[in-house]
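J.:
Residue numbers (the numbering used here): 108 to 778.
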């Protein structure tokens with residue numbers, strides 16, 4: 108069955124600042140995209156409109172922009188592949204124009220049908236080589252007035268009703284979830300899917316800590332708790348979470364092929380991480396070729412990184428200040444409150460399970476002395492957020508550099524980072540809650556040190572990462588200094604296993620292994636110590652340890668912070684380091700933090716607890732346990748070689764004066 112729609116193209120409107128819009132009969136190509144709006148039932152002020160109506164809009168950029176109303180429409184090349192008949196001539200504008208309208212019409216014709224449409228256009232006749240001038244004349248006249256679309260409509264195997272698939276990856280929440288909201292709209296059945304990815308979840312017996320090859324057990328446990336909470340919240344709304352296992356792209360495509368699911372809409376949160384970008388291309392290509400509508404909104408971050416990069420001339424801003432100037436105010440979160448969701452339909456041949464446990468995944472024999480005290484899930488995230496927001500004075504006066512890195516029983520920060528990482532908490536909702544308090548307390552701190560400033564740091568690193576190829580490595584990374592770091596596995600292992608000989612450093616690394624979390628200033632201390640401060644080991648090695656062990660490990664933020672702290676990018680005051688002996692003492696002179704995580708030193712007098720090798724009467728047992736672990740500091744003692752410092756200089760000047768060989772530089776200690 109085929110249905111033909113005929114559409115008379117309206118006159119093109121030219122508009123310029125300060126003048127009323129007037130028809131321009133001499134210009135057949137649009138100079139503004141606002142003429143699309145009536146065709147789709149969208150307001151003329153929608154977000155796809157060119158910001159400068161006097162210029163021709165960049166339609167190709169708008170088509171591919173994440174979160175665009177047109178995201179999912181065909182490119183010219185893709186449209187050519189899908190049309191059953193070769194179109195003699197086509198411009199990019201016409202392909203976008205027709206495929207966008209076709210998508211809209213196909214969506215609105217009749218629920219319960221699966222549509223495969225071809226596009227027939229006659230445009231840009233200068234490219235058509237026909238010997239008959241009469242034929243060419245007729246076609247010109249037709250092109251000026253009429254556009255024709257042909258839709259072969261194939262009835263679905265179900266006969267009625269349409270399903271929506273919402274694919275959870277991050278964004279593990281109900282509140283402020285545009286993908287969920289769009290998927291549930293006008294759907295007879297909703298399929299909420301999460302895929303257990305072996306890449307992140309399969310046990311690796313050769314890893315240096317319990318977990319998979321990429322994630323420690325604490326983060327896996329946090330994720331599973333988040334999924335259990337999501338499943339419970341969905342069940343309270345008449346739905347459930349469908350757990351599948353395997354390669355995410357292949358599994359989702361299999362679900363889209365499932366006849367009884369009858370999926371007409373695929374919705375998932377846009378992700379800037381390269382791994383998910385590759386998955387998304389594969390899944391989108393299949394969905395679009397099958398006539399399935401794809402909706403992938405930006406909701407993991409406050410801003411769309413693509414928009415920020417576009418405002419900055421096609422490159423990501425590389426300073427926090429320039430980013431903040433470009434960003435402006437973020438959009439408000441969705442306020443949708445659900446009383447119910449569409450039910451899950453027939454599952455067909457898909458192998459569905461409940462949320463697995465640690466044991467189900469094969470970690471039953473894993474040895475871990477202590478698990479993270481922070482529980483995963485949207486419910487826990489909102490509870491923790493409410494607790495933080497109760498203390499309005501604390502929120503208003505929050506100032507990051509003044510936090511106490513040794514406070515562990517009651518951390519001196521929100522500990523909301525793991526919930527933001529997994530999307531259990533919406534960053535837009537978090538931002539809104541802070542702004543509500545700021546309005547009631549006019550005197551408050553400001554970015555970059557304020558609480559909103561911390562959210563903007565997150566956005567800054569996301570944008571820099573998205574716009575920088577090879578962001579996660581030194582080689583091939585245009586913003587990263589090429590420094591010849593030491594390749595010393597012995598030093599790396601001593602740092603990783605908390606055997607450096609510096610109690611402050613070792614206690615932090617033990618907290619990381621046990622809890623999967625530590626205060627940001629504690630992270631700064633150990634990252635600086637491993638790289639430019641003392642050991643001069645490659646930042647990528649430390650990044651890998653953090654990526655594995657942190658429950659809030661975030662690809663963009665983790666890589667960005669390691670480049671920052673190693674003075675490889677963003678920050679270049681290479682001789683300012685965190686002292687491994689005095690920085691912690693400033694916050695915790697009694698050494699309670701060290702005593703908790705290093706019980707071997709619990710009886711050490713406070714005068715010596717940060718430098719136990721100086722104690723006059725160290726117990727025999729303490730000496731024995733410290734042994735090799737406390738030998739490393741004898742070689743270092745806060746000194747870095749001249750060559751190491753030269754390698755860290757931001758600009759290498761061939762004419763700079765050479766210091767005598769072998770000179771040692773004393774670093775400027777923080778703390």
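Ideal Cβ placement from N, Cα and C applies to all residues, glycine included. Predicted model, so just to flag it, every value in this text is computed and none were measured.
Measure the Cβ-Cβ separation of residue 336 and residue 484 and say whether it is below 7 Å.
T.: Yes, they are a contact pair.
J.: Considering only DSSP beta bridges, list what residue 323 is partnered with.
T.: 318
J.: Please name the residue in 344, 362, 348 and 504 whose C-alpha comes closest to that of residue 448.
T.: 344
J.: Spell out the partners DSSP gives residue 701 in its beta bridges.
T.: None, per the DSSP bridge assignment.
J.: Quick check on the DSSP output: what are the complete alpha helix (DSSP H) runs of length 4 or more inside the segment 495-530, in order along the chain?
T.: 499-504 and 524-528
J.: What did DSSP end up calling residue 297 once you bin it into helix, strand or coil?
T.: strand
J.: Per DSSP, residue 375 is paired with what?
T.: Residue 375 pairs with 274.
J.: Please return the same chain residues whose Cβ sits closer than 7 Å to the Cβ of residue 779, not counting the five positions on each side in sequence.
T.: Not covered by the structure: residue 779. The range shown for the chain is 108 to 778.
J.: Around the Cβ of residue 623, are there at least 16 other Cβ atoms within 10 angstroms (buried) or fewer (exposed)?
T.: Flag for residue 623 reads buried.
J.: Can you give the beta carbon distance from residue 569 to residue 355, rounded, assuming they're within the 8 Å contact cut?
T.: Actually they are not in contact, since the Cβ atoms of residue 569 and residue 355 sit about 21 Å apart, beyond 8 Å.
J.: Taking a contact to mean a Cβ-Cβ separation below 7 Å, would you say residue 372 touches residue 286 in this structure?
T.: no
J.: Straight-line CA distance for residue 691 to residue 452?
T.: 57 Å
J.: Mapping DSSP to helix, strand and coil, what is residue 685?
T.: strand
J.: Between residue 603 and the rest of its own chain, which residues show a CB-CB distance below 6 Å, the 5 nearest in sequence each way excluded?
T.: 652
J.: Note down, in chain order, each residue of its chain lying with its Cβ closer than 6 Å to the Cβ of residue 495, except the 5 sequence neighbours on either side.
T.: The residues are 521.
J.: Compute the distance between the beta-carbons of residue 658 and residue 480, then report whether it is under 7 Å.
T.: no
J.: Tell me, please, whether the segment 610-619 touches the segment 628-648 by the rule of three or more beta-carbon pairs shorter than 8 Å.
T.: yes
J.: Is residue 382 buried or exposed, if buried means 16 or more other CB atoms sit within 10 Å of its CB?
T.: exposed
J.: Would residue 718 be called buried (16 or more neighbouring beta carbons within 10 Å of its own) or exposed?
T.: buried
J.: Please report the residue range of the beta strand (DSSP E) in which residue 648 lies.
T.: It is not in any beta strand (DSSP E) - residue 648 instead sits in the alpha helix (DSSP H) that spans 646-656.
J.: Considering only the beta carbon of each residue, do residue 270 and residue 370 sit closer than 7 Å?
T.: yes
J.: Within a Cβ cutoff of 6 Å, which residues of the same chain sit near residue 581, ignoring the five residues on either side of it in sequence?
T.: Non-local C-beta neighbours of residue 581 in its own chain, meaning closer than 6 Å and more than five positions away in sequence, comprise 587, ordered along the chain.
J.: Enumerated in chain order, which unbroken segments of the alpha helix (DSSP H) with a length of 4 residues or greater are wholly contained in the segment 572-612?
T.: Along the segment 572-612, the alpha helix (DSSP H) occurs as fully enclosed runs of 4 or more residues at 596-603, listed in sequence order.
J.: Would the beta-carbon of residue 684 fall within 7 Å of that of residue 640?
T.: yes
J.: Entirely within the segment 436-461 and at least 4 residues each: give me those alpha helix (DSSP H) ranges in chain order.
T.: Runs of the alpha helix (DSSP H) inside the segment 436-461: none found.
J.: Go ahead and pull the three-state DSSP assignment for residue 409.
T.: coil
J.: Out of curiosity, what's the CA-to-CA distance linking residue 393 and residue 594?
T.: 44 Å
J.: Using beta-carbon positions only, say whether residue 302 and residue 358 come within less than 7 Å of one another.
T.: yes
J.: Residue 629 and residue 463: beta carbons closer than 7 Å?
T.: no
J.: Apart from the five residues just before and just after residue 645, which ones in its own chain have a Cβ nearer than 6 Å to its Cβ?
T.: 592
J.: Let me confirm a value: residue 515 is counted as buried when at least 16 other C-beta atoms fall within 10 Å, else exposed. Which label applies?
T.: buried
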